[in-house]
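Residue numbers (my numbering): 41 to 179.
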């Protein structure tokens, strides 16, 4: 009879430890306090500009002890984005370099382009996918 209770106590302790470990990895992350940093506005873009329009998003991992970045996915072929894949520790800065070519699809007028940072932790309401945007008026 005593062994039965011992096994039950060990099983409950194992379940409690598993719950605590799961709770620790399900926290939300907030890169920056303002939403304005999720969108970069180029303003007025010139179609005839030879070099591509470039911008680097910078985010600091303030929440997790370790955040793994798998990469970045572009929303279309007119943007090229690059991020160093790997682990970022607490207070490390993540640099997401992006380029936009308005001539790729002959964009004109108000333009908004999205791309997505992919991680192993919840980084937005879209779970492990963090959407970023570029916008501007192409003339």
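Yeah, the Cβ is synthetic: ideal placement off N, Cα and C, and Gly gets one too.
Keep in mind it's a predicted model, so treat the numbers as computed, not measured.
CB-CB length for residue i against residue j, believed under 8 Å
i           : j           : result
residue 151 : residue 179 : At roughly 11 Å, the Cβ-Cβ gap does not stay under 8 Å, so residue 151 and residue 179 are not in contact.
residue 158 : residue 96  : No, residue 158 and residue 96 are not in contact; Cβ-Cβ is about 18 Å, not under 8 Å.
Endpoints, beta strand (DSSP E) assigned at residue i
i           : result
residue 110 : 106-114
residue 141 : Segment: none, residue 141 is in no beta strand (DSSP E) and carries neither H nor E.
residue 148 : Premise fails: residue 148 is in no beta strand (DSSP E) and is neither H nor E.
residue 131 : Counting along the chain, residue 131 falls outside any beta strand (DSSP E), and DSSP gives it neither H nor E.
residue 167 : Run containing residue 167: none; DSSP gives neither H nor E here.
Residue i, buried or exposed, once every other Cβ within 10 Å from all chains shown has been counted against 16
i           : result
residue 86  : exposed
residue 100 : exposed
residue 170 : buried
residue 167 : exposed
residue 53  : exposed
residue 129 : exposed
Neighbourhood of residue i by C-beta, 7 Å cutoff - its chain only, sequence neighbours within 5 removed
i          : result
residue 42 : none
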